[in-house]
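Take a look at the structure below.
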Amino acid sequence: MIRHLLSGADLDAATATRILDTAAEMATVAGREVKKLPALRGRTVVNLFYEDSTRTRISFEAAAKRLSADVINFSAKGSSVAKGESLKDTALTLQAMGADAVVVRHPASGAAHRLAEWVDGSVVNAGDGTHEHPTQALLDAYTMRSRLGRLAGLSVAVVGDVLHSRVARSNVLLLSTLGAKVTLVGPPTLIPVDIAAALAPDTTVCYDLDAVLPTSDVVMMLRVQRERMTDSYFPSAREYARRYGLDGPRMRRLPEHAIVMHPGPMNRGMEITPEVADSPRSTIVEQVANGVSVRMAVLYLLLGGNNA
Ligand code: ASP
-19 MIRHLLSGAD LDAATATRIL DTAAEMATVA GREVKKLPAL RGRTVVNLFY
31 EDSTRTRISF EAAAKRLSAD VINFSAKGSS VAKGESLKDT ALTLQAMGAD
81 AVVVRHPASG AAHRLAEWVD GSVVNAGDGT HEHPTQALLD AYTMRSRLGR
131 LAGLSVAVVG DVLHSRVARS NVLLLSTLGA KVTLVGPPTL IPVDIAAALA
181 PDTTVCYDLD AVLPTSDVVM MLRVQRERMT DSYFPSAREY ARRYGLDGPR
231 MRRLPEHAIV MHPGPMNRGM EITPEVADSP RSTIVEQVAN GVSVRMAVLY
281 LLLGGNNA
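If you're matching positions, the sequence shown starts at -19 in the working numbering and goes up one per residue.
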């Protein structure tokens, strides 16, 4: 098993499948009255969050607790980070406390990789800038596999703000490893020119959402990340929604079995309408539930649960 999970590229098909299969076993714990396994008793997991998060932070916390680990939640607000302490000094503090795993979210791309050089425990990248978010890709793959029964051969359209999306990057890497075919869809200003080829050679790019809908098994809508935008990438929110938003009429052009995904948080009315977000095709709430099982599997396997 790998020691750190920093990128979707860290996972070969066998390792990714093992995580998804383990997650399926972990999911059965969620249905029990006592939602706990003793697997990580006596181990310490630190959640180190330098950026806001709702789903991911709670999900990692629930996952570690369900495995009986000791959990330390560290958020940049209210800590010495606010006084200017560097990531390296924080890492050394965690190291001194004997963290077995550090789950890190940071606004700088590459922060998780740096941290992995400084601590002895496992590092899990929970989102670094616009770079990667590998456990999101795993939970997305898990959700696709459980709804559609397979990953190999699926056509997945990843739609919207690809430029700023760590979710898109990790998904392209993982899905192509697992044999799905990804098409990146969005305005040319939000799809970096060489991204498809750089990430995975069989990924394609299309600027016309309506053209890809009839042949997509999965449509993954991305949040328009205004907080990371330094330029104006499209004329107006209304124009964006008209060309790249998923609304009811567009959803009805999808094949009968197709599903609609979104990593959250959603801009309802911009990239997705409430009618679509709340429809039976939407897996948005399932994705959150699956996130806990997938993160349990990741922590369990990285921390040596494979020997258990
Ligand atoms: N929650 C995801 C992330 O942290 C997606 C988003 O923020 O739009 O990357």
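All C-beta atoms in this analysis are idealised placements derived from N, C-alpha and C, irrespective of residue type, glycine included.
Predicted model, so just to flag it, every value in this text is computed and none were measured.
| message | I'd like to know whether the C-beta atoms of residue 101 and residue 87 end up nearer to each other than 8 angstroms. | response | Residue 101 sits at position 121 when you count from the first residue of the sequence shown. Residue 87 sits at position 107 when you count from the first residue of the sequence shown. Contact flag unset, no.
| task | Using 10 angstroms around the beta-carbon of residue 72, count the other beta-carbons present and answer buried if the total reaches 16, otherwise exposed. | result | Here residue 72 corresponds to residue number 92 of the sequence shown, with the count starting at 1. With fewer than 16 other Cβ atoms within 10 Å, it is exposed.
| said: When you measure from the CB of residue 267 to every non-hydrogen atom of the ligand ASP, does any distance come out below 7 angstroms? | reply: Counting from 1 along the sequence shown, the entry for residue 267 is found at position 287. No, since every heavy atom of the ligand ASP falls outside the 7 angstroms radius drawn around the Cβ of residue 267.
| message | Helix, strand or coil for residue 184? Go by DSSP, reduced to three states. | response | The sequence position of residue 184 within the sequence shown is 204, counting from 1. Strand at residue 184.
| request: Look at residue 179 and residue 152 and say whether their C-beta atoms are less than 8 angstroms apart. | output: For the purposes of this step, residue 179 is taken as the residue at position 199 of the sequence shown. For the purposes of this step, residue 152 is taken as the residue at position 172 of the sequence shown. Result yes, Cβ atoms of residue 179 and residue 152 sit closer than 8 angstroms.
| request: Could you spell out the range, first to last residue, of the alpha helix (DSSP H) harbouring residue 152? | output: Within the sequence shown, the letter at position 172 stands for residue 152. Segment 146 to 157, the alpha helix (DSSP H) holding residue 152.
| said: Going residue by residue through the region 73 to 145, where are the continuous alpha helix (DSSP H) segments of at least 4 residues, counting only ones entirely within it? | reply: 91 to 98, 114 to 128
| query | Buried or exposed: which applies to residue 237, given that a residue is buried once 16 or more other Cβ atoms fall within 10 Å of its Cβ? | reply | In the sequence shown, counting from the first residue as 1, residue 237 sits at position 257. Looking at its Cβ environment, which holds fewer than 16 other Cβ atoms inside 10 Å, residue 237 is exposed.
| query | With respect to the beta strand (DSSP E) encompassing residue 164, which residues constitute its N-terminal and C-terminal limits? | reply | The count along the sequence shown starts at 1 and reaches residue 164 at position 184. Segment 161 to 165, the beta strand (DSSP E) holding residue 164.
| field | Alpha-carbon to alpha-carbon, residue 65 and residue 51 | value | Stepping through the sequence shown from its first residue, residue 51 is reached at position 71. Stepping through the sequence shown from its first residue, residue 65 is reached at position 85. In a straight line, the C-alpha of residue 51 is about 22 angstroms away from that of residue 65.
| field | Limits of the beta strand (DSSP E) - the one that residue 189 falls within | value | Position 209 of the sequence shown holds residue 189. Looking at the DSSP string, residue 189 is not in any beta strand (DSSP E); the run it does join, the alpha helix (DSSP H), is 189 to 192.
| What do you get for residue 176, buried or exposed, if any count of 16 or more other CB atoms within 10 angstroms of its CB means buried? | Sequence index remark: in the sequence shown, residue 176 carries index 196 (1-based). With 16 or more Cβ atoms within 10 Å of its Cβ, residue 176 is classed as buried.
| request: Indicate, with yes or no, if the ligand ASP has a heavy atom lying under 7 angstroms from the CB of residue 113. | output: Start at 1 with the first residue of the sequence shown, and residue 113 comes out as number 133. The answer is yes for residue 113.
| field | Complete runs of the alpha helix (DSSP H) confined to the region 195 to 228 [at least 4 residues] | value | 217 to 224
| Quick one, are the C-beta atoms of residue 20 and residue 49 less than 8 angstroms apart? | As a working mapping, residue 20 is identified with position 40 in the sequence shown. As a working mapping, residue 49 is identified with position 69 in the sequence shown. It is a contact, given that the beta carbons lie within the stated cut-off.
| said: What does the Cβ neighbour count give for residue 15, buried or exposed, with the cut at 16 atoms within 10 Å? | reply: Mapped onto the sequence shown, residue 15 falls at position 35. With fewer than 16 other Cβ atoms within 10 Å, it is exposed.
| Taking just the CA atoms, how far does residue 264 sit from residue 241? | Taking the first residue of the sequence shown as 1, we reach residue 241 at position 261. Taking the first residue of the sequence shown as 1, we reach residue 264 at position 284. The straight-line gap from Cα to Cα measures roughly 6 angstroms.
| Helix, strand or coil: how does DSSP classify residue 34 here? | Start at 1 with the first residue of the sequence shown, and residue 34 comes out as number 54. Coil, per DSSP.
| task | Assess, as a yes-or-no matter, whether the region 204 to 216 is touched by the region 126 to 146 under the definition of 3 or more beta carbon pairs within less than 8 angstroms. | result | yes
| query | Under the DSSP definition of a beta bridge, which residues are partnered with residue 248? | reply | Start at 1 with the first residue of the sequence shown, and residue 248 comes out as number 268. Answer is 252.
| request: Name the residue from -3, 47, 34 whose alpha carbon lies nearest to the alpha carbon of residue 8. | output: Looking up residue 8 in the sequence shown gives position 28. Checking every option, the nearest Cα to that of residue 8 belongs to 47.
| request: Put residue -18 into one of helix, strand or coil per three-state DSSP. | output: For the purposes of this step, residue -18 is taken as residue 2 along the sequence shown, with counting starting at 1. Note: residue -18 maps to coil in three-state DSSP.
| said: Using a strict less-than 7 angstroms threshold between each residue's beta carbon and the heavy atoms of the ligand ASP, what residues do you get? | reply: 33, 35, 36, 107, 113, 116, 145, 146, 147, 202, 203, 205, 243, 244, 245
| request: Go ahead and label residue 120 buried or exposed: buried means 16 or more other beta carbons lie within 10 angstroms of its beta carbon, across all protein chains shown. | output: Walking along the sequence shown from the start, residue 120 turns up at place 140. Counting Cβ neighbours within 10 Å, residue 120 comes out buried, since at least 16 surround it.
| field | Secondary structure of residue 286, DSSP reduced to three states | value | Reading the sequence shown from its first residue, position 306 is the one you call residue 286. Low confidence applies here, because residue 286 scores a pLDDT of 47, under 50, leaving its location unreliable; read the following figure in that light. DSSP places residue 286 in helix when its eight states are reduced to three.
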